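Going left to right, the sequence shown walks through residues 1290 to 1545 as our numbering numbers them.
All remarks here apply to the structure that follows.
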Amino acid sequence: MTELVFIEGVSGVGKSTMVRGLAEDLTALGYRAKSYVEFDYTNPIDFYGTAYLTEDEHRALCRECPSARKHTIRAGDIRLVRYYNEDTPLFEEPLLSWLAEREFCYNPTRLVPLAAYTAAYQKVWENFAASIDESDDFLLFDGSLLHHPLNDMMRNYHITGGQAIPHVRALLRALGQRERHIFYLQSREIGAQLKRARQSRGQAAPTPEKIRFWESRFQNDRTVLENIGEPYHSCNISREHWDTVRSQIKHILTKE
């Protein structure tokens, strides 16, 4: 049965790099492994550039643009429509702007109630769990359980880590009894780690305000992890060599 792997941690700890590297390691060992990183349009349980539509709004959209159906995710009575693939728009104006006005997660202008947000998310995860291709051994996700949902909820709904616990629990319930693994990458010096990551990406150094945000975010993550009733592994990338941590995670997954 396919196992799910969630690589989590604050910005700059190397989640995407770890997900890609583990997928390569597992494939080299003969396993079938797929990885989903940030901004991956094909990620079945994570969203960016996605509009939240009622059934009536979706029908109207499809009448005007039938190709919208192939970018649609069903979430009960709600339809989530992806309108960007990384930096590439999937619709032309004025539809692109119409969809952006109905953004689901990232700086939405029409914020849906938090309960509706969680309900749509949970339904998507339930549908995903029911449709997994069991020929895959591992599906690896970059920040899809904690990092991206908590960013959106903290920014849009101004919630604390404690208030985010019911949302994360709902997502895990949606997966049923399927085996999953949570690995939390952490650094003792969040500011220094974030500066190194920004430098390697050619980005400006983080401001003191940004560093304080991610230090606070780390505490919220820990609050969630310690209260969702799910086992997880903490991986200290400050003390251990990167390759050592990667090897340790690989051994846990393969039980070798």
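We put the CB at the ideal spot given by N, CA and C, even for glycine.
Here the structure is a predicted model, which is why all the values come from computation and not from measurement.
Euclidean distance between Cα positions of residue i and residue j
i, j, result
"glycine 1450", "aspartate 1510", "6 Å"
"serine 1527", "threonine 1512", "21 Å"
"arginine 1535", "cysteine 1351", "45 Å"
"leucine 1483", "glutamate 1353", "44 Å"
"asparagine 1525", "phenylalanine 1380", "42 Å"
"glycine 1298", "leucine 1542", "18 Å"
"glutamate 1478", "glycine 1301", "11 Å"
"aspartate 1314", "glutamate 1423", "20 Å"
"proline 1378", "leucine 1400", "22 Å"
"serine 1523", "tyrosine 1325", "21 Å"
Residue i: first and last residue of the uninterrupted alpha helix (DSSP H) it sits in
i, result
"phenylalanine 1502", "1497 to 1514"
"glutamate 1344", "1344 to 1353"
Range of the contiguous beta strand (DSSP E) that encloses residue i
i, result
"cysteine 1524", "1522 to 1525"
"leucine 1474", "1469 to 1475"
"isoleucine 1367", "1367 to 1371"
"arginine 1363", "1361 to 1364"
Proximity to residue i [Cα-Cα], best of the options
i, options, result
"glutamine 1537", "Phe1430, Leu1318, Leu1311, Lys1499", "Leu1311"
"tryptophan 1531", "Tyr1410, Val1308, Ile1367, His1360", "Val1308"
"glutamate 1375", "Gly1338, Thr1407, Glu1353", "Gly1338"
"isoleucine 1500", "Ala1481, Gln1488, Pro1397, Leu1542", "Ala1481"
"arginine 1348", "Pro1378, Val1326, Arg1368, Asp1425", "Arg1368"
"aspartate 1329", "Asp1431, Trp1387, Phe1472", "Asp1431"
"tyrosine 1372", "Ala1340, Arg1358, Leu1403", "Ala1340"
Per-residue DSSP class, three states only, for residue i
i, result
"leucine 1464", "coil"
"isoleucine 1454", "helix"
"isoleucine 1538", "helix"
"threonine 1377", "strand"
Chain C contact for residue i (CB, 8 Å cutoff)
i, result
"glutamate 1478", "Included in the structure is just one protein chain, with no chain C present."
Which full runs of the alpha helix (DSSP H) of 4+ residues lie inside the stretch 1394 to 1452, going along the chain?
List check, alpha helix (DSSP H) in window: 1403 to 1419, 1436 to 1446.
Starting from the N-terminal side, write out each stretch of the alpha helix (DSSP H) that is 4 residues or longer and does not extend beyond the stretch 1293 to 1353.
Secondary structure in the stretch 1293 to 1353: the alpha helix (DSSP H) runs of 4 residues or longer, each lying completely within the stretch, are 1304 to 1317, 1344 to 1353 in chain order.
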